[in-house]
Amino acid sequence: MLVLKEAEQTNKREAESYVNELFQTVVNRNPHEYEFHQAVKEVFNSLIPVLANKPEYIKHAILERIVEPDRMISFRIPWQDDTGRIRVNRGFRVQFNNAIGPYKGGLRFHPSVNASIVKFLGFEQIFKNALTGQSIGGGKGGSDFDPKGKSDFEIMRFCQSFMTELCKHIGPNTDVPAGDIGVGAREIGYLFGQYKKLSGAYEAGVLTGKGIGYGGSLARTEATGYGTVYFVDQMLKSAGYTFHGSTVVVSGSGNVSIYAMEKAIQLGAKVIACSDSSGYLYDEQGINLATIKRLKEVENRRCSDYTLEHPGAVYAEGCSGIWSIPCDIALPCATQNEMDKEAAECLLRNGVRAVGEGANMPCTLEAIDVFLDNQVLFAPAKAANAGGVSVSALEMAQNSARQAWTMEEVDARLQVIMGKIYEESIRASELYGRPGNLVVGANIAGFIKVADAMIAQGI
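Per the working numbering, the sequence shown starts with residue 168, numbered consecutively.
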């Protein structure tokens, strides 16, 4: 028994050394790509017990291969604004890994988009997509184009120029983009129209997030927000808690945030705060979701305008202050690294019970450590926000079968998928000695599916 334990410790030390050396290689090869480094470090640290137990993953150089995308595409996007001026933006598509299916991941239009952002999102997407149980690989893309303040015609011209290049690299069985920040139903419609024109064919499965009238799926709009709440609900129930009667703070007021708020309210919670890029809104009586939906989805206005109709609410400039509001459950649903160590410690002091990541990597590694070290229930993004890509895969299935499922059918499938992701993540955390740690569990469960497929398919 002693010899066995010594052997296990030796294997663990060797796995740690291997991971640390490889991570340094990733940093050296990808200088200044800090978001990508962060995503890789989180996954690598989680995999140490797997590598110690299954050295064949080291033998087959799975980590060395999985951190290098199959291809990284960067391209120029010239377009003309309404004044006749020629503008130029930069476009990206990273096709990271297709071991278990065609590349799948959203397109983000935001000034912050660069190679590091796209690669971190694509890397996370590999494991997130594997967790869904669907046959989809990892990819991501976007542009530093800012849709805010642009006319519909400017956005259309930009999308047409973007797709003129992107169409060379995607297809229903190759790479299937979807929406993300800055890319909603309008943008997907323009992109799909241009792809159809260029390809000369109606290939509904080339993009997901389409309008219901031309191949889209019911529940796709709600899927990421609903899925986040379904996952967190499973996590809460396992600890004897519930959304019912809880106070919830949700950052953001976009697609993910709005439908996370909607589902939390349906489950009996009181959502007391949300935010946008200018500041945050606090309503002690509970956010009136109908007002937020109208302001954001119909009138394209700011959260600050909410107080004009609800004078009891308070609006504050700056987004980070939202995490100073005492709550039972926090759902960061805005953007990456929006919650740092200081914000996490503030939530902890105010008695937060659970945190669920609705956005992609919204918590820094230091913030995550605060929650895990203090037994706060924590749902990581690659598991909790997998609802969006899950329903995207269901949209692909409907397109292939030329069928359209009801809202109830899609939502029921989404609930089953999120439940399975939770169960697999918990099981993996227990199997590898970190019971209840969903960060480790989700990383391991997703990794093993992809790694085994990579080994089976050869080098």
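Ideal Cβ positions, reconstructed from N, Cα and C, are used throughout, including at glycine.
Could you give the DSSP three-state label for Val350: helix, strand or coil?
Translated into the one-based positions of the sequence shown, residue 350 becomes position 183. Coil.
Expected contact under 8 angstroms - CB spacing of Val558 and Val577 to nearest Å
In the sequence shown, the residue the question calls residue 558 occupies position 391. In the sequence shown, the residue the question calls residue 577 occupies position 410. Between Val577 and Val558 the Cβ distance is about 6 angstroms, and since that is below 8 angstroms, they are a contact.
| said: Can you tell me whether Ser567 is buried or exposed? The criterion is at least 16 other CB atoms within 10 Å of its CB, across all chains shown. | reply: The residue labelled residue 567 in the question sits at position 400 within the sequence shown. Its Cβ having fewer than 16 others within 10 Å, Ser567 is exposed.
Taking Cβ positions, are Asp400 and Glu321 nearer each other than 9 angstroms?
Counting from 1 along the sequence shown, the entry for residue 400 is found at position 233. Counting from 1 along the sequence shown, the entry for residue 321 is found at position 154. No. Outside cutoff.
Say whether the segment 362–371 touches the segment 326–335, bearing in mind that this needs 3 or more beta-carbon pairs closer than 8 angstroms, one atom from each stretch. yes
Q. Taking buried to mean at least 16 other C-beta atoms within 10 Å of its own C-beta, is Arg238 buried or exposed?
A. Stepping through the sequence shown from its first residue, residue 238 is reached at position 71. Arg238 should be labelled exposed.
Considering only DSSP beta bridges, list what Cys441 is partnered with. Along the sequence shown, read from residue 1 onward, the residue named residue 441 stands at position 274. Cys441 is bridged to Leu448.
Cutting at 6 angstroms between CB atoms, please list the residues of its own chain near Glu175, excluding the five before and the five after it.
Taking the first residue of the sequence shown as position 1, residue 175 is located at position 8. Here the set comprises nothing.
Worksheet item: Of the choices Pro602, Met621, Arg324 and Ser592, whose alpha-carbon is the least far from that of Thr299?
Response: Start at 1 with the first residue of the sequence shown, and residue 299 comes out as number 132. With distances taken between Cα atoms, Thr299 lies closest to Ser592.
- For Lys179, which residues from the same chain have a beta carbon less than 6 angstroms from its beta carbon, with the 5 sequence-adjacent residues on both sides left out? As a position in the sequence shown, residue 179 is number 12, starting the count at 1. Excluding sequence neighbours, Lys179 sits near Ala219.
- Item | Rounded distance between the beta-carbons of Ala550 and Ala501, thought under 8 angstroms | Counting from 1 along the sequence shown, the entry for residue 501 is found at position 334. Counting from 1 along the sequence shown, the entry for residue 550 is found at position 383. Their Cβ separation, rounded to whole angstroms, is 18 angstroms, which puts Ala501 and Ala550 out of contact at 8 angstroms.
Exercise for review: May I ask you to report which of helix, strand or coil DSSP gives Asp472?
Suggested key: Here residue 472 refers to the residue found at position 305 when the sequence shown is read from its first residue. Here Asp472 sits in helix by DSSP.
| said: Among Pro269, Ile253 and His477, whose alpha-carbon lies nearest the alpha-carbon of Leu462? | reply: Within the sequence shown, numbered from 1, the residue matching residue 462 stands at position 295. When each option's Cα is compared against that of Leu462, the closest is His477.
Notebook entry, point to check: What is the residue span of the beta strand (DSSP E) that Ile584 lies within?
Noted result: Counting from one through the sequence shown, the residue named residue 584 turns up at place 417. Not the beta strand (DSSP E): Ile584 falls in the alpha helix (DSSP H), residues Met574 to Leu598.
Own chain, CB closer than 6 angstroms to Ser491, minus 5 neighbours either side, in chain order: Residue numbering aside, residue 491 sits at position 324 when the sequence shown is read from its first letter. Counting only Cβ-Cβ distances below 6 angstroms, and skipping sequence neighbours, we find Cys513.
Just the Cα atoms here: how many angstroms apart are Leu581 and Gly394? Indexing the sequence shown from 1 puts residue 581 at position 414. Indexing the sequence shown from 1 puts residue 394 at position 227. Taking the straight line from one Cα to the other gives about 7 angstroms.
query: Rounded to a whole number of angstroms, what is the C-alpha to C-alpha distance between Val170 and Leu539?
result: As a working note, residue 170 is residue 3 in the sequence shown. As a working note, residue 539 is residue 372 in the sequence shown. Note on Val170: pLDDT 47, under 50, position unreliable in the model; the coordinate value appears next. If I take the Cα positions, the gap works out to 32 angstroms.
**Q.** Endpoints, the alpha helix (DSSP H) within which Leu514 is located
**A.** Your numbering for residue 514 matches position 347 in the sequence shown. Lys508 to Arg516 is the span of the alpha helix (DSSP H), which, as asked, contains Leu514.
Contact check, Arg520 vs Leu544 under 8 angstroms by CB: the rounded distance? Within the sequence shown, residue 520 is the residue found at index 353, counting from 1. Within the sequence shown, residue 544 is the residue found at index 377, counting from 1. With a Cβ gap of about 7 angstroms, Arg520 and Leu544 count as contacting.
Reduced DSSP category for Ala560 - H, G, I as helix; E, B as strand; rest coil:
Here the question's residue 560 lines up with position 393 in the sequence shown. Helix.
Just tell me which of Glu451, Tyr369, Ala182 and Arg387 has its CA closest to the CA of Met574.
Sequence index remark: in the sequence shown, residue 574 carries index 407 (1-based). With distances taken between Cα atoms, Met574 lies closest to Arg387.
Closest residue to Ala553 among Gly305, Tyr447, Pro314 and Glu464 (Cα-Cα distance):
By 1-based counting over the sequence shown, the position of residue 553 is 386. It is Gly305.
Go ahead and pull the three-state DSSP assignment for Cys326.
-> To locate residue 326, count along the sequence shown from 1; it is residue 159. Here Cys326 sits in helix by DSSP.
Checklist entry - Alpha carbon to alpha carbon, what distance is there between Pro269 and Gly309? => result Mapped onto the sequence shown, residue 309 falls at position 142. Mapped onto the sequence shown, residue 269 falls at position 102. Those two C-alpha atoms are separated by around 18 angstroms.
Inter-residue spacing [alpha-carbon to alpha-carbon] between Gly518 and Gln542:
The residue you call residue 518 lines up with position 351 of the sequence shown. The residue you call residue 542 lines up with position 375 of the sequence shown. For Gly518 and Gln542, the distance between alpha carbons rounds to 11 angstroms.
| task | Measure the CB-CB distance between Ile496 and Ala390 and report whether it falls below 9 angstroms. | result | Taking the sequence shown and counting its residues from 1, one reaches residue 496 at position 329. Taking the sequence shown and counting its residues from 1, one reaches residue 390 at position 223. No.
Please report the straight-line C-alpha distance between Gln301 and Ala612, rounded to a whole angstrom. Sequence index remark: in the sequence shown, residue 301 carries index 134 (1-based). Sequence index remark: in the sequence shown, residue 612 carries index 445 (1-based). In a straight line, the C-alpha of Gln301 is about 14 angstroms away from that of Ala612.
With DSSP run on the structure shown, which of helix, strand or coil describes Val280? For this step, residue 280 is matched to residue 113 along the sequence shown. If DSSP states are grouped into helix, strand and coil, Val280 belongs with coil.
query = Nearest to Val617 by CA position, among Asp507, Tyr224, Cys486 and Asp347, is which residue?
reply = Here residue 617 is taken as the residue at index 450 of the sequence shown, counted from 1. Nearest option by C-alpha distance: Tyr224.
By a C-beta neighbour count over all protein chains shown, 10 Å radius and 16 as the cutoff for buried, is Pro278 buried or exposed?
Mapped onto the sequence shown, residue 278 falls at position 111. So Pro278 counts as exposed.
Handout entry: Cα-Cα separation, Tyr636 to Val416
Key = Nothing can be reported for residue 636, as the shown portion of the chain is limited to 168 through 626.
**Asked** Given Ala483, which residues of its chain have a CB within under 7 angstroms of its CB, disregarding the five upstream and five downstream residues?
**Response** As a first step, residue 483 must be located in the sequence shown, where it is residue number 316. Counting only Cβ-Cβ distances below 7 angstroms, and skipping sequence neighbours, we find Gly446 and Tyr447.
Is the separation between the beta-carbon of Asn296 and that of Ala623 shorter than 9 angstroms? Here residue 296 corresponds to residue number 129 of the sequence shown, with the count starting at 1. Here residue 623 corresponds to residue number 456 of the sequence shown, with the count starting at 1. Cβ atoms of Asn296 and Ala623: not closer than 9 angstroms.
query = If you draw a straight line from the C-alpha of Gly372 to the C-alpha of Glu451, how long is it?
reply = Position 205 of the sequence shown, counted from the first residue, corresponds to residue 372. Position 284 of the sequence shown, counted from the first residue, corresponds to residue 451. Going by the C-alpha atoms only, they are around 44 angstroms apart.
Check for me: the beta strand (DSSP E) holding Met528 runs from which residue to which? For the purposes of this step, residue 528 is taken as residue 361 along the sequence shown, with counting starting at 1. First-last for Met528: undefined, no H or E at that position.
May I have the straight-line CA-CA distance separating Lys271 from Ala564, to the nearest angstrom? Translated into the one-based positions of the sequence shown, residue 271 becomes position 104. Translated into the one-based positions of the sequence shown, residue 564 becomes position 397. Each residue's Cα considered, the two are about 13 angstroms apart.
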